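Letter 27 of the sequence shown, counting from 1, is numbered 384 in this note's numbering, and no numbers are missing. All C-beta atoms, glycine included, are put in the ideal place defined by N, C-alpha and C. Keep in mind it's a predicted model, so treat the numbers as computed, not measured.
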Amino acid sequence: MVDWPESAASWLRPAGRFAAGAPDAWGGAAAPLGWAQMSRRLRHSTGWDPARTYGFAALGDSRVPALAGPGTLQALRGADAEGGIWSIDRGWVVHLSPPPAPRATRPCRGTL
């Protein structure tokens with residue numbers, strides 16, 4: 358787990374810690390601006406691959422790819438707050454699946 362200040366003077370040290378060890382996948386949970394800044398440093402200074410990264414709902418915000426810059430977050434994906442799936446494709450947040458339909462509940466009958 359790596360944390361970083363939302364307004365850092367340099368993103369190099371947190372980016373290095375985040376990408377260290379070359380894991381199979383990364384998970385990201387951050388505010389949009391902080392993630393955009395961190396992801397720019399990750400792309401330019403490490404072997405980080407956004408296609409192997411899964412983000413929490415806040416990273417599916419349409420402002421994130423614009424803040425990060427062209428191509429920085431290509432193929433980053435995650436789940437939204439309603440359970441749908443999103444991905445970043447050519448600078449756009451694309452919703453790949455609708456959230457699951459709510460399950461119908463039936464009243465309980467009988468006694469215990």
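Here DSSP, grouped into helix, strand and coil, assigns G412 to strand. Collapsing the DSSP output to three states places G384 in a strand. In this chain, the alpha helix (DSSP H) harbouring A393 covers 389 to 402. In this model, L390 and A377 are separated by some 22 Å (Cα to Cα). Judged by DSSP secondary structure, L369 falls within the alpha helix (DSSP H) whose first and last residues are 369 to 376. At the C-beta level, S396 and A365 stay beyond 8 Å of one another.
Inter-segment contact for the segment 404 to 413 and the segment 425 to 441 is present: three or more beta-carbon pairs are separated by less than 8 Å. For A458, the three-state secondary structure derived from DSSP is coil. By the neighbour-count criterion, in which a residue is buried when 16 or more other Cβ atoms sit within 10 angstroms of its Cβ, G384 is exposed.
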